[in-house]
Amino acid sequence: MLAATLARAATPTAATTATATPPDRRIAITFDDLPWSSLEPRTPLPAQGTVPPRIAAASARLLQALTDTGTPAIGFVNSARLLVDGKIQSDRVAMLDAWLDAGLALGNHTATHVDLHLVGVPAYQHDILACDGVLRPLLAARGLQPRWFRHPYLRTGRTLADKAAMDAFLAEHDYRIAPVTITDSDWIWAAAYAKALDSGDTAAQAKLRAQYVPYLLRMVNYFEHRSIKLLGYALPQVMLLHANALNADTYPEFVAGLRGRGYRFVDIDEAMGDPAYRRADAFTSALGVSWIHRWALAAGWSWNFYGGEPTSPHWVKDLAGVPADAE
Ligand SMILES: [Zn+2]
Numbered sequence: 001m002l003a004a005t006l007a008r009a010a011t012p013t014a015a016t017t018a019t020a021t022p023p024d025r026r027i028a029i030t031f032d033d034l035p036w037s038s039l040e041p042r043t044p045l046p047a048q049g050t051v052p053p054r055i056a057a058a059s060a061r062l063l064q065a066l067t068d069t070g071t072p073a074i075g076f077v078n079s080a081r082l083l084v085d086g087k088i089q090s091d092r093v094a095m096l097d098a099w100l101d102a103g104l105a106l107g108n109h110t111a112t113h114v115d116l117h118l119v120g121v122p123a124y125q126h127d128i129l130a131c132d133g134v135l136r137p138l139l140a141a142r143g144l145q146p147r148w149f150r151h152p153y154l155r156t157g158r159t160l161a162d163k164a165a166m167d168a169f170l171a172e173h174d175y176r177i178a179p180v181t182i183t184d185s186d187w188i189w190a191a192a193y194a195k196a197l198d199s200g201d202t203a204a205q206a207k208l209r210a211q212y213v214p215y216l217l218r219m220v221n222y223f224e225h226r227s228i229k230l231l232g233y234a235l236p237q238v239m240l241l242h243a244n245a246l247n248a249d250t251y252p253e254f255v256a257g258l259r260g261r262g263y264r265f266v267d268i269d270e271a272m273g274d275p276a277y278r279r280a281d282a283f284t285s286a287l288g289v290s291w292i293h294r295w296a297l298a299a300g301w302s303w304n305f306y307g308g309e310p311t312s313p314h315w316v317k318d319l320a321g322v323p324a325d326a327e
């Protein structure tokens, strides 16, 4: 911290600061929408079990990748994804047990992926407790308890009063908000990849895999520099990914790329130990932007601070079937 401050005083630009004082690059990886992003209560039932074999295989590949790379991670659960016709399915719960078996953490992401800004505080809290009712016993069976909560859509409250009500509620239930400092549009790439898998277009699959990892590394680099610009040092980042097939098939390459840049993988507890995570956040917009941007706005920076964030190529959005302005 002191070294970073001195380096900042001596060298005015972020780029030269990074060169003069090699940052202590740390990152915590988080996966949202467990047990699997495309697993919905309405997912058509295959002949055996309630998890389509392709999803079960992709989930196993992701866990293998996490184990092989030795990277800690936390998965945020939507408990409604465990249901079919209102009943909890053991083969879906088994996917969460596999996460815990792999030594990974689980957190609460609401039962039905509800939008706080749409439904308001009471209904939102009800949905958090519904997820807690499933997650807490699952963890208690292993002597664990849920401690982290991730807001769907990263919407944290339309008003300061709503934010304060949520802070009090989460504290009362022993949850801490899991922020995100590295946002990205992996869901767009994953939607394109799912379509390429569906159509059997192996060339498109390979092209997506090849371009996706450099895209993720650009996002990490961008937020590393935003951090240095705002704080004067590279904070331990918290990155949002989703449980999907594209991440399952590219995660080892992504990890290798980050390690090549000097990154160490830490758990969310270690990352959140950084004092930056105690900064003021009065953000009430619906935009799901990084906490670095939220802190920057609170510190009086304009929205220009937000400029230059990498975007996904048009061909990926076209293939995914999302509008060109989807991010
Ligand atoms: Zn989510």
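With the UniProt record's numbering as the guide, the letters of the sequence shown map in order to residues 1 to 327. Glycine is no exception: its CB is placed at the ideal position from the N, C-alpha and C atoms. Since the model is a prediction, treat every value here as computed from it, not as a measurement.
Burial state of residue i (16 or more Cβ within 10 Å)
i    : result
E172 : exposed
W295 : buried
T30  : buried
A320 : buried
I88  : exposed
H151 : buried
S312 : buried
D186 : buried
W189 : buried
N244 : buried
P323 : exposed
H314 : exposed
S37  : buried
T202 : exposed
Alpha-carbon to alpha-carbon, residue j and residue i
i    : j    : result
A28  : D97  : 21 Å
W99  : Y212 : 24 Å
V110 : A161 : It should be noted that the sequence gives Thr, not Val, for residue 110. Answer to the nearest angstrom: the Cα atoms are 20 Å apart.
A299 : D174 : 28 Å
P275 : A164 : 20 Å
G107 : R279 : 23 Å
L246 : T284 : 31 Å
D318 : A192 : 8 Å
I268 : Y251 : 18 Å
P23  : Y233 : 7 Å
H225 : M272 : 19 Å
L118 : R158 : 9 Å
A282 : V114 : 21 Å
D198 : R54  : 11 Å
I177 : F149 : 5 Å
G70  : D32  : 19 Å
E327 : G86  : 34 Å
L62  : F254 : 12 Å
L138 : W301 : 43 Å
F305 : R259 : 27 Å
Supposed close pair residue i, residue j - CB separation, criterion 8 Å
i    : j    : result
P35  : L82  : 7 Å
F76  : Q125 : Incorrect: roughly 17 Å between the Cβ atoms, too far for contact.
L39  : V51  : 7 Å
L104 : A73  : 5 Å
R209 : D249 : 6 Å
S59  : V134 : Rounded, the Cβ-Cβ distance is 18 Å, inconsistent with contact.
Near ligand 2: residue i beta-carbon under 7 Å from a heavy atom
i   : result
D24 : Of the ligands one can find in the structure shown, namely ligand 1, none is ligand 2.
Other residues of its chain near residue i: CB distance less than 8 Å, five sequence neighbours each side excluded
i    : result
Y263 : R25, R26, I27, V220
T181 : F223, S227, L235, Q237, V238, M239, S290, W291, I292
R142 : L100
L129 : H173
E270 : R26, A28, P236
V266 : R26, I27, A28, P72, P236
Other residues of its chain near residue i: CB distance less than 6 Å, five sequence neighbours each side excluded
i    : result
A204 : A196
L287 : none
Close Cβ partners of residue i (< 7 Å) along its chain, the five nearest in sequence each way excluded
i    : result
T183 : L240, G288, V289, S290
When a residue counts only if its C-beta is closer than 6 Å to some heavy atom of ligand 1, which residues count, in chain order?
Qualifying residues come out as D32, D33, H109, H113, P152.
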